[in-house]
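Chemist: My numbering puts the first residue of the sequence shown at 445, with every later residue one more than the last. Input: one structure, supplied below.
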Amino acid sequence: MATDVNRQIVLAARPDGNPKETDFTLREAALPEPRAGQILVRTIWLSLDPYMRLRIGNNEQYYPAVPLGDVVVGGAIGQVMESRHGGFAEGDYVEAYSGWQDYAVLGGGEARKVDPTLGPLSTALGVLGMPGLTAYLGLIDVGRPEPGDTVVVSAASGAVGAIVGQVAKIAGCRAVGIAGSETKNAYLTDELGFNAAINYKTGDIGAALDRACPDGINVYFENVGGAVSEAVYPRLAARARVVVCGGVSQYNLKSPQTTLSNLQNILFTEAQVGGFNIFSYAARYDDGRKRLAGWLAEGRLKYKEDVVEGLENAPGAFLRFFDGETFGKLLVRVAQ
Ligand SMILES: NC(=O)c1ccc[n+]([C@@H]2O[C@H](COP(=O)([O-])OP(=O)(O)OC[C@H]3O[C@@H](n4cnc5c(N)ncnc54)[C@H](OP(=O)(O)O)[C@@H]3O)[C@@H](O)[C@H]2O)c1
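This is the structure in structure tokens:
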């Protein structure tokens, strides 16, 4: 049953460097009322994702920044509490970019019905949602893996990276993950079947890559940038493909690093470096979701969730992305 209060987390200050909890404020607003053609949705699961750091910063080249005082952007799964739209009934589960709040009023085109038989509802924000689709479509469409290829992925134990490695294995490749702790790396090799895992925080990343990828790197799925990329690029094999998906090591820097002054190894290897933005691939979502759901049902894909309880704890949880404290898909349970 809906209450008459809608708790919302709004952007209080634009982060300067690392985000802080004080960059966010919780406010209480009136429960919104749907008009004709709209639905009222109660948030159950809120997805936290590193891209949100770009949206609350000043990265207009990516997407318009969230204005100060606005509800923080975010994908969520919710339940329809009231429907004034013919395509949705009370009780339906939907996915929408409804933001960090308890309730949202949405037009029909802003919500997608979730099929709860495909997996637990939360998977629609993880392995069967935006991160899973990013992994699958980024790897298949831009990485173009061939059987026998060595696929290296950074932030490998995260929501995207863990699926990249498993899809690479399904495609007949060797999967090598790069992550920030021994526990994460043991998970990659022992539970997900990666061929090797490298801790980028200890030891020489380049030497570890030489050991794990003796024939070079055919596909690099880039999630982090920085020192990890510096070690990967010189080890690309002939005609390698690089999927530039993310650069989490750069998101909080006041002046992101640049290495454009020497890309000669791209010439020497004839490697192809391709940017990937999941939001340009909407036409492929159904195909991707069908594949991922099939592998999940067959037990060929595993996933891990990192669940935080309560909307009020979303800001604190979001900060954990940037010190490597998250392990798996980061979710906030807003309501049961
Ligand atoms: N292009 C797109 O369409 C698209 C869509 C979704 C996600 N992405 C990007 O994909 C990447 C992964 O997203 P995700 O949701 O799966 O996040 P995630 O991997 O679950 O979480 C981010 C992880 O990045 C690692 N990290 C943090 N700071 C780092 C640093 N300085 N150097 C190296 N690693 C660092 C941390 O793990 P460790 O312990 O391993 O350090 C952290 O847990 C992000 O860059 C995100 O922006 C892009």
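Even for Gly, the Cβ is constructed at its ideal location relative to N, Cα and C. Note that the coordinates shown come from a computational prediction; the quantities given were computed from them, not determined experimentally.
Taking 7 Å as the limit between beta carbons, can you name the residues of its chain near H529, skipping five residues before and five after?
Modeler: In the sequence shown, the residue the question calls residue 529 occupies position 85. Excluding sequence neighbours, H529 sits near G481, Q482, I483 and G552.
Chemist: Name the DSSP beta bridge partners of I387, please?
Modeler: Because the chain in this structure spans residues 445 to 780, residue 387 falls outside the shown range and cannot be described.
Chemist: Name the DSSP beta bridge partners of D750, please?
Modeler: Walking along the sequence shown from the start, residue 750 turns up at place 306. Paired residue(s): L774.
Chemist: Comparing alpha-carbon positions, which option in V692, R471, L583 and V597 lies nearest L653?
Modeler: Within the sequence shown, the letter at position 209 stands for residue 653. Checked all of V692, R471, L583 and V597; the closest Cα to L653 is V597.
Chemist: Pull up the distance between the alpha-carbon of P658 and that of A640, whole angstroms please.
Modeler: Along the sequence shown, read from residue 1 onward, the residue named residue 658 stands at position 214. Along the sequence shown, read from residue 1 onward, the residue named residue 640 stands at position 196. Rounded to the nearest angstrom, the gap between the Cα atoms of P658 and A640 is 12 Å.
Chemist: Following a CB-centred definition, is D767 positioned closer than 6 Å to any heavy atom of ligand 3?
Modeler: No copy of ligand 3 occurs in the structure displayed; its ligands are ligand 1 alone.
Chemist: Per DSSP, what kind of secondary structure is A555 in: helix, strand or coil?
Modeler: Start at 1 with the first residue of the sequence shown, and residue 555 comes out as number 111. Three-state result, A555: strand.
Chemist: Can you give the Cα-Cα distance for E590 and G576, rounded to whole angstroms?
Modeler: Position 146 of the sequence shown, counting from 1, holds the residue named residue 590. Position 132 of the sequence shown, counting from 1, holds the residue named residue 576. Between E590 and G576, the C-alpha separation is close to 20 Å.
Chemist: Assign E534 to buried or exposed, taking buried as 16 or more other Cβ atoms, counted over all protein chains shown, within 10 Å of its Cβ.
Modeler: Your numbering for residue 534 matches position 90 in the sequence shown. It is exposed - the Cβ of E534 has fewer than 16 other Cβ atoms within 10 Å.
Chemist: In angstroms, rounded to a whole number, what distance separates the CA positions of N706 and N643?
Modeler: Here residue 706 refers to the residue found at position 262 when the sequence shown is read from its first residue. Here residue 643 refers to the residue found at position 199 when the sequence shown is read from its first residue. Roughly 26 Å between the two C-alpha positions.
Chemist: Distance, Cα to Cα, V558 vs F762?
Modeler: Counting from 1 along the sequence shown, the entry for residue 558 is found at position 114. Counting from 1 along the sequence shown, the entry for residue 762 is found at position 318. The alpha-carbon separation between V558 and F762 amounts to approximately 25 Å.
Chemist: Cα separation between M445 and L632?
Modeler: The sequence position of residue 445 within the sequence shown is 1, counting from 1. The sequence position of residue 632 within the sequence shown is 188, counting from 1. Residue placement at M445 is poorly supported in this model, since its pLDDT is 49, which falls under 50; the coordinates still yield a value, given next. Roughly 42 Å between the two C-alpha positions.
Chemist: Nearest by alpha-carbon distance to G587: which of P564, A619 and S601 is it?
Modeler: Reading the sequence shown from its first residue, position 143 is the one you call residue 587. Nearest C-alpha to G587: A619.
Chemist: Pull up the CB-CB distance for V513 and V454, whole angstroms please, since I reckon it's below 8 Å.
Modeler: Locating residue 513 in the sequence shown gives position 69, where the first residue counts as 1. Locating residue 454 in the sequence shown gives position 10, where the first residue counts as 1. One point to set straight first is that residue 513 is Gly, not Val, in the sequence displayed. Yes, they are in contact, since the Cβ atoms of G513 and V454 sit about 6 Å apart, within 8 Å.
Chemist: Could you please give the first and the last residue of the uninterrupted alpha helix (DSSP H) stretch that includes T674?
Modeler: Along the sequence shown, read from residue 1 onward, the residue named residue 674 stands at position 230. Note on identity: in this sequence residue 674 is Glu, with Thr being the wrong assignment. Unbroken alpha helix (DSSP H) run through E674: G670 to V676.
Chemist: Do I488 and ligand 1 come close, with the Cβ less than 6 Å from some heavy atom?
Modeler: Numbered from its first residue, the sequence shown carries residue 488 at position 44. Checking every heavy atom of ligand 1 against the Cβ of I488, none is found closer than 6 Å.
Chemist: Measure how close the beta-carbons of G501 and P459 come, nearest whole angstrom, since I'm counting them as under 8 Å.
Modeler: Within the sequence shown, the letter at position 57 stands for residue 501. Within the sequence shown, the letter at position 15 stands for residue 459. At roughly 6 Å, the Cβ-Cβ gap stays under 8 Å, so G501 and P459 are in contact.
Chemist: Is the region 671–690 touching the region 748–761, taking contact as three or more C-beta pairs under 8 Å?
Modeler: Result no; under three Cβ-Cβ pairs closer than 8 Å.
Chemist: Can you tell me where the alpha helix (DSSP H) holding N662 begins and where it ends?
Modeler: Position 218 of the sequence shown, counting from 1, holds the residue named residue 662. Note, N662: premise wrong, no alpha helix (DSSP H); beta strand (DSSP E) at I661 to E666.
Chemist: Is the beta carbon of V604 within less than 6 Å of some heavy atom of ligand 1?
Modeler: On the sequence shown, position 160 is the one that residue 604 refers to. V604: yes, Cβ under 6 Å from ligand 1.
Chemist: Ignore the nearest five residues each way along the sequence and tell me which others in E465's own chain have a CB closer than 8 Å to its CB.
Modeler: Here the question's residue 465 lines up with position 21 in the sequence shown. Here the set comprises P759, G760 and L763.
Chemist: Could you tell me the boundaries of the beta strand (DSSP E) in which Q429 lies?
Modeler: Beyond the ends of the chain as shown, which are 445 and 780, falls residue 429; an answer cannot be given.
Chemist: Among residues of its own chain, excluding the 5 on either side of E554, which ones have a beta-carbon nearer than 6 Å to its beta-carbon?
Modeler: Position 110 of the sequence shown holds residue 554. Hits under 6 Å: A540.
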